[in-house]
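Every number in UniProt numbering is 7 more than the matching position in the sequence shown, counting from 1.
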Amino acid sequence: KSHVYKFGDKTTDGNSKMKNLLGGKGANLAEMSAIGIPVPPGFTITTEVCTEYNLVGQDAVIEMIKGEVESAIETIEGIMGAKFGDNENPLLLSVRSGARVSMPGMMDTVLNLGMNDDAVKGIAIKMNNERFAWDSYRRFIQMYGGVVLGMKPHSKEDIDPFEEIIENLKEKRGIDLDTDFTVQDLKDLVFDFKAVVKKRKGFDFPTDPWDQLWGAVMAVFNSWNGDRAVYYRNMHGYPADWGTAVNVQAMVFGNMGDSSGTGVCFTRDAGTGENIFNGEYLINAQGEDVVAGVRTPQQITKIGSQRWAELAKVEEDDRRTNYPSLEELMPSIYEELNGYQEVLERHYRDMQDMEFTIQEGKLWILQTRNGKRTGAAMVKIAMDLYKEKLIDEKEALLRIEPLKLDELLHPIFDPKAIKKSHIIAQGLPASPGAATGQIVFFADEANKFKNTILTRIETSPEDLEGMNVAKGILTARGGMTSHAAVVARGMGKCCVSGAGALKINYKTRTLVVDGKEYHEGDWISINGTTGNIMEGKVATMEPELTGEFAELMKLSEKFSKMKVRTNADSPKDALAARNFGALGIGLTRTEHMFFEVDRIKAMREMILASTVKGRKHALDMLLPMQREDFEGIFEAMAGLPVTVRLLDPPLHEFVPHQLAQQKELAEEMHISLEAVKAKVAELEEFNPMLGHRGCRLGITYPEITEMQTRAIIEAALNLKKRGIVAYPEIMVPLIGTKAEFLSQEKLIRDTAAVVFQERNDSIDFKVGTMIEVPRAALMAESIAESAEFFSFGTNDLTQMTFGYSRDDAGKFLPIYIEKGILKHDPFEVLDQEGVGQLVTLATKNGRKTNTTLKVGICGEHGGEPQSVAFCYKNGLNYVSCSPYRVPIARIASAQAEI
Ligand code: PEP
Ligand code: MG
Numbered sequence: 008k009s010h011v012y013k014f015g016d017k018t019t020d021g022n023s024k025m026k027n028l029l030g031g032k033g034a035n036l037a038e039m040s041a042i043g044i045p046v047p048p049g050f051t052i053t054t055e056v057c058t059e060y061n062l063v064g065q066d067a068v069i070e071m072i073k074g075e076v077e078s079a080i081e082t083i084e085g086i087m088g089a090k091f092g093d094n095e096n097p098l099l100l101s102v103r104s105g106a107r108v109s110m111p112g113m114m115d116t117v118l119n120l121g122m123n124d125d126a127v128k129g130i131a132i133k134m135n136n137e138r139f140a141w142d143s144y145r146r147f148i149q150m151y152g153g154v155v156l157g158m159k160p161h162s163k164e165d166i167d168p169f170e171e172i173i174e175n176l177k178e179k180r181g182i183d184l185d186t187d188f189t190v191q192d193l194k195d196l197v198f199d200f201k202a203v204v205k206k207r208k209g210f211d212f213p214t215d216p217w218d219q220l221w222g223a224v225m226a227v228f229n230s231w232n233g234d235r236a237v238y239y240r241n242m243h244g245y246p247a248d249w250g251t252a253v254n255v256q257a258m259v260f261g262n263m264g265d266s267s268g269t270g271v272c273f274t275r276d277a278g279t280g281e282n283i284f285n286g287e288y289l290i291n292a293q294g295e296d297v298v299a300g301v302r303t304p305q306q307i308t309k310i311g312s313q314r315w316a317e318l319a320k321v322e323e324d325d326r327r328t329n330y331p332s333l334e335e336l337m338p339s340i341y342e343e344l345n346g347y348q349e350v351l352e353r354h355y356r357d358m359q360d361m362e363f364t365i366q367e368g369k370l371w372i373l374q375t376r377n378g379k380r381t382g383a384a385m386v387k388i389a390m391d392l393y394k395e396k397l398i399d400e401k402e403a404l405l406r407i408e409p410l411k412l413d414e415l416l417h418p419i420f421d422p423k424a425i426k427k428s429h430i431i432a433q434g435l436p437a438s439p440g441a442a443t444g445q446i447v448f449f450a451d452e453a454n455k456f457k458n459t460i461l462t463r464i465e466t467s468p469e470d471l472e473g474m475n476v477a478k479g480i481l482t483a484r485g486g487m488t489s490h491a492a493v494v495a496r497g498m499g500k501c502c503v504s505g506a507g508a509l510k511i512n513y514k515t516r517t518l519v520v521d522g523k524e525y526h527e528g529d530w531i532s533i534n535g536t537t538g539n540i541m542e543g544k545v546a547t548m549e550p551e552l553t554g555e556f557a558e559l560m561k562l563s564e565k566f567s568k569m570k571v572r573t574n575a576d577s578p579k580d581a582l583a584a585r586n587f588g589a590l591g592i593g594l595t596r597t598e599h600m601f602f603e604v605d606r607i608k609a610m611r612e613m614i615l616a617s618t619v620k621g622r623k624h625a626l627d628m629l630l631p632m633q634r635e636d637f638e639g640i641f642e643a644m645a646g647l648p649v650t651v652r653l654l655d656p657p658l659h660e661f662v663p664h665q666l667a668q669q670k671e672l673a674e675e676m677h678i679s680l681e682a683v684k685a686k687v688a689e690l691e692e693f694n695p696m697l698g699h700r701g702c703r704l705g706i707t708y709p710e711i712t713e714m715q716t717r718a719i720i721e722a723a724l725n726l727k728k729r730g731i732v733a734y735p736e737i738m739v740p741l742i743g744t745k746a747e748f749l750s751q752e753k754l755i756r757d758t759a760a761v762v763f764q765e766r767n768d769s770i771d772f773k774v775g776t777m778i779e780v781p782r783a784a785l786m787a788e789s790i791a792e793s794a795e796f797f798s799f800g801t802n803d804l805t806q807m808t809f810g811y812s813r814d815d816a817g818k819f820l821p822i823y824i825e826k827g828i829l830k831h832d833p834f835e836v837l838d839q840e841g842v843g844q845l846v847t848l849a850t851k852n853g854r855k856t857n858t859t860l861k862v863g864i865c866g867e868h869g870g871e872p873q874s875v876a877f878c879y880k881n882g883l884n885y886v887s888c889s890p891y892r893v894p895i896a897r898i899a900s901a902q903a904e905i
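Below, the structure written as structure tokens:
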């Protein structure tokens, strides 16, 4: 069995299918040489060797692969006409890590391996360039010391010992640039670099090229188990036994004078997706110079160069002389590169990100990979490739990472501004988007400034209006399904939740992060897509929904059998969702309507009423308001089904908790303050989520169910008169027993019958239930005998199946995920293994007794792609999610079908 795979000179042992064995990079190098791309020759040590290394250690592994490595090096020597370890004509190598997927924390590249005090002289003579030889040597020690010997700074405060030496020398010599160093300076640097290695590490810098090579190979293997790599692996659920491959390759030099250079290019624009070949290069430079940002890189194409000059305010003459494009400077090299980029894109059928080096007029392609891109570019590139017939429509849909569509649907930060921003803390990316505003701590002060960020320890239903007014919502507590997160997503409002590092003091109106104090009115910016919290103003921009986005959505329709509805509580949200292609409403949370100023009073009166008569009086005031709400929503969703859920939250959420408000209420209702206080105290519960809520309210206060049913039916009848069709589906929340459902169903049907009689007219409607208590899932077969539809409330179902409080889980879930006890936050990604069993079971059993049972999901998981795929697999009729997630769910639904 081979441990080492060779590539280069148009022959190769491996191919691009061998990613697991050769890593992403290694597989690509093999494939590229197979299709005639000029890659510098080299070899890949397989990922299996890494796994073996972890079991048997360094010596045994070297013993195992030594022969193969020696033979591979001989092959390289033959192609390059140089010899590894030779003094006159030394072959220099690069060593890189390469796991199956590219991963932060893995070992960086080491270049110029093979350099030592003898080789440097050989190189100087061979290349007739002493300066270049010594420059390569000092770069090698710096890189090898940094990444192999672990001398890289570990924190911001740490200083890089090599950089320190360079800076000192520059100061001493009164120069600014590396390029100003003389040969003697470079020799001094090498001397000082070696000295600092000896001082820090206690041993001499390795001079034997083979020692250097084995050291670098082992460092790659070790980096697989480095802290950052392990953290990243755990986060993504990549198993430890994947291991990493090591790629060893002949060095080619971009810093051999003015006919050499190096660069990075993209076959299409990674920001916009436009089909424009683009990239940057530097003459007389090595790879890291382009990334390091010391010199201004020049553009590959003439057009790109002109665009750049416009932005950089560089005159055309200046541009042509000082910053010419590769196309202008080296037309034949450019033509060759342009040819390869076309070949590579056609071969990989995706946008490529390529690295190249020109060594004395000869072009080498160092690597290619599918380029990272923005959400907008993702959509445009997929649709363009489809139109260019490089991929078919299914492939185009599969190319979409549904969650990345978020970026297209919300305001975004200006990428330039974000680069310069200062991140002060991080929370959960609860609702995507970008928001910049002045800090306010109280919902009723959300309009104190023009743009505000409502900054709270947590939010409650009372904060609803303020949340609506604020540009963004930031909370110190609460997870992905906390009140703030759910409501914000519904509103399409940017929200960062559960940022534990925030110390919020309502009394002093201050926010302390890491010892620094921020006050009300201070500017702050939050990124709901990444969870980053930044100081000050960061510029935002409105996204454009390009033609390709619409085309993509249309394409998805062809494949999505499972429908997508939306969770919406207002006509505005319903319309927004409908524009995104929602085919109805899967959940209207009626309680949200009760928090508006004029309604909350009637609601409180209803709650505080001590008699049924008093309660009915208050409900009579609420009825017309509810009816109006429903008319608006039904109209927005005309012709499509609308699921309206009866009142769900505990009544305690509706009563005032502050003394001033309690006094006010007492006066309004002409009762004593004590009576108000007593009622508030009476409503308080130890476990409100498991308390007096859901259908338990409708059963104890049937008047509420009656009022809501009446409002729904009357609204539908009113619309019917205007020629608008409404399909209400009345939903009973939180049932655990069939009897609970039957009791509510009877009330609903009786009320509807009364209204029909009064109006002498009728409409079609359905009565169904949420399945969100585990017992209801277990009893599905009998419940479905009466219920016309099921809707899985997977927020509560997850809460009750795991026994994790939705509102408190933010305290321990991040630690669970960090420790690998859970792979995902189960409130975000449906736990298919456990909670999913209840979904599968209830769907299957429900349909046993009711073959026409409509089944959907309306928990937050309805907009999460993996969970959507699971729903599809289980034969659900629809998923329902917040308006801004509708396009995501539609793509996920189509992908599930493909
Ligand atoms: C649920 O529990 O999943 C649900 C949709 O209801 P709510 O989030 O309002 O409790
Ligand atoms: Mg629920």
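We put the CB at the ideal spot given by N, CA and C, even for glycine.
Could you check if Pro-338 is buried or exposed, using at least 16 other CB atoms within 10 Å of its CB as the buried criterion? Along the sequence shown, read from residue 1 onward, the residue named residue 338 stands at position 331. Result: exposed.
Going by the C-beta, is Gly-853 closer than 7 Å to any heavy atom of the ligand PEP? To locate residue 853, count along the sequence shown from 1; it is residue 846. Not under cutoff, so the answer is no.
Going along the chain, which residues put their C-beta within less than 5 Å of some heavy atom in the ligand MG? Glu-779, Gly-800 and Asp-803
My understanding is that residue 908 touches Ile-372, with C-beta atoms under 8 Å, so please give their C-beta distance in whole angstroms. Residue 908 lies beyond the residue range present for the chain, which begins at 8 and ends at 905; the question has no answer from this structure.
Return helix, strand or coil for Val-253, following the three-state DSSP convention. For the purposes of this step, residue 253 is taken as residue 246 along the sequence shown, with counting starting at 1. If DSSP states are grouped into helix, strand and coil, Val-253 belongs with the strands.
Using the rule of at least 16 other Cβ atoms within 10 Å of the residue's Cβ for burial, across every protein chain shown, is Gly-88 buried or exposed? To locate residue 88, count along the sequence shown from 1; it is residue 81. Exposed, because fewer than 16 other Cβ atoms sit within 10 Å of the Cβ of Gly-88.
What residue from Glu-674, Pro-160, Leu-461 and Thr-595 has the CA that sits closest to Ala-491's CA? Translated into the one-based positions of the sequence shown, residue 491 becomes position 484. Considering only alpha carbons, the answer is Leu-461.
Taking only three categories from DSSP, how would you classify Met-560? Against the sequence shown, residue 560 aligns to sequence position 553. Helix.
Would the C-beta of Gly-233 count as close to the ligand PEP, meaning under 7 Å from any of its heavy atoms? Residue numbering aside, residue 233 sits at position 226 when the sequence shown is read from its first letter. No, the beta carbon of Gly-233 sits no closer than 7 Å to any heavy atom of the ligand PEP.
Could you work out which residue in Pro-894, Lys-457, Ile-864 and Val-321 is closest to Ile-446 when comparing CA atoms only? In the sequence shown, the residue the question calls residue 446 occupies position 439. Nearest C-alpha to Ile-446: Lys-457.
Under 8 Å, do Gly-152 and Phe-200 count as touching if we go by C-beta distance? Looking up residue 152 in the sequence shown gives position 145. Looking up residue 200 in the sequence shown gives position 193. Against a cut-off of 8 Å, the Cβ pair of Phe-200 and Gly-152 comes out as a contact.
According to DSSP, is Lys-26 part of a helix, a strand, or is it coil? For the purposes of this step, residue 26 is taken as the residue at position 19 of the sequence shown. In this structure, Lys-26 counts as helix in the three-state DSSP scheme.
Out of Pro-578, Leu-629, Ala-589 and His-624, point me to the one whose CA is closest to Phe-602's CA. Here residue 602 corresponds to residue number 595 of the sequence shown, with the count starting at 1. For the residues Pro-578, Leu-629, Ala-589 and His-624, the minimum Cα distance to Phe-602 belongs to Leu-629.
Quick one: does the C-beta of Asp-655 sit closer than 7 Å to a heavy atom of the ligand PEP? For the purposes of this step, residue 655 is identified with residue 648 of the sequence shown, where counting begins at 1. Indeed, a heavy atom of the ligand PEP lies less than 7 Å from the Cβ.
Report the partner residues of Gly-270 according to the DSSP bridge assignment. By one-based count along the sequence shown, residue 270 stands at place 263. Partner(s): Tyr-288 and Phe-363.
Check whether Lys-684 and Gln-669 have beta carbons under 8 Å apart: Working through the sequence shown from its first residue, we reach residue 684 at position 677. Working through the sequence shown from its first residue, we reach residue 669 at position 662. Cβ atoms of Lys-684 and Gln-669: closer than 8 Å.
So, helix, strand or coil for Thr-303, using DSSP? Your numbering for residue 303 matches position 296 in the sequence shown. Thr-303: coil per DSSP, three-state reduction.
Looking only at its chain, what residues have a beta carbon closer than 6 Å to the beta carbon of Glu-871, apart from the 5 residues adjacent to it on each side? Along the sequence shown, read from residue 1 onward, the residue named residue 871 stands at position 864. Excluding sequence neighbours, Glu-871 sits near Val-836.
Using the rule of at least 16 other Cβ atoms within 10 Å of the residue's Cβ for burial, across every protein chain shown, is Ala-508 buried or exposed? Counting from 1 along the sequence shown, the entry for residue 508 is found at position 501. Exposed, because fewer than 16 other Cβ atoms sit within 10 Å of the Cβ of Ala-508.
Do you know whose CA, among Gln-366, Tyr-239 and Ser-750, lies nearest Ser-266's CA? The residue you call residue 266 lines up with position 259 of the sequence shown. Nearest C-alpha to Ser-266: Gln-366.
Going along the chain, which unbroken runs of the beta strand (DSSP E) with 3 or more residues stay wholly within the stretch 339-420? 359-366 and 369-377
Just to check, is the beta-carbon of Arg-596 closer than 7 Å to a non-hydrogen atom of the ligand GTP? This structure simply doesn't include the ligand GTP; it includes the ligand PEP and the ligand MG instead.
Tell me whether the stretch 493-503 and the stretch 523-538 touch, counting them as touching only if at least three CB pairs, one residue from each stretch, are closer than 8 Å. yes
At a cut-off of 7 Å, would you count Gly-866 as near the ligand PEP, judging by its Cβ distance to the nearest heavy atom? Here residue 866 refers to the residue found at position 859 when the sequence shown is read from its first residue. Yes, the beta carbon of Gly-866 sits closer than 7 Å to at least one heavy atom of the ligand PEP.
Residue range of the alpha helix (DSSP H) that includes Thr-58: As a first step, residue 58 must be located in the sequence shown, where it is residue number 51. Run containing Thr-58: 54-63, per the alpha helix (DSSP H) assignment.
Taking 7 Å as the limit between beta carbons, can you name the residues of its chain near Tyr-885, skipping five residues before and five after? For this step, residue 885 is matched to residue 878 along the sequence shown. Here the set comprises Met-569, Lys-570, Val-571, Arg-572, Gly-593 and Gly-863.
Near Pro-213, what residues of its chain come up, given a Cβ to Cβ distance below 7 Å and the 5 sequence neighbours on each side ignored? Here the question's residue 213 lines up with position 206 in the sequence shown. Once the five neighbours on either side are set aside, the close Cβ partners of Pro-213 are Gln-219 and Gly-222.
For the structure I just gave you, are there three or more beta carbon pairs, one from the stretch 267-284 and one from the stretch 368-387, closer than 8 Å? yes
Run through the DSSP bridge pairs and tell me what Gly-775 is partnered with. To locate residue 775, count along the sequence shown from 1; it is residue 768. Note: Gly-775 sits in a beta bridge opposite Met-738.
Cβ-based neighbour list, Lys-8, same chain, cut-off 6 Å, excluding 5 preceding and 5 following: Taking the sequence shown and counting its residues from 1, one reaches residue 8 at position 1. For Lys-8, where only same-chain residues beyond five positions count, there are no Cβ hits under 6 Å.
Would you mind giving the Cβ-Cβ distance between Gln-433 and Gly-538, rounded to the nearest angstrom? I have them listed as a contact below 8 Å. Within the sequence shown, the letter at position 426 stands for residue 433. Within the sequence shown, the letter at position 531 stands for residue 538. Contact flag correct, Cβ pair sits at about 5 Å.
Is the distance from the Cβ of Cys-272 to the Cβ of Ile-307 below 8 Å? Here the question's residue 272 lines up with position 265 in the sequence shown. Here the question's residue 307 lines up with position 300 in the sequence shown. Yes. Within cutoff.
Indicate whether the contact test is met: 3 or more Cβ pairs, each with one atom in the stretch 163-170 and one in the stretch 137-153, closer than 8 Å. yes
Is the closest heavy atom of the ligand PEP to the C-beta of Val-154 under 7 Å? Numbered from 1 along the sequence shown, position 147 holds the residue referred to as residue 154. Answer for Val-154: no, Cβ out of range of the ligand PEP.
Evaluate Gly-300 with the Cβ neighbour count: other Cβ atoms within 10 Å of its Cβ, from every protein chain shown; 16 or more gives buried, anything less gives exposed. Translated into positions along the sequence shown, residue 300 becomes position 293. The predicted model places Gly-300 with a pLDDT of 49, which falls under 50 and marks its position as unreliable; any figure quoted below should be read in that light. Result: exposed.
Spatial distance of Val-76 from Met-258 (CA atoms): Position 69 of the sequence shown, counted from the start, is the residue given in the question as residue 76. Position 251 of the sequence shown, counted from the start, is the residue given in the question as residue 258. Near 17 Å, if we compare the C-alpha coordinates of Met-258 and Val-76.
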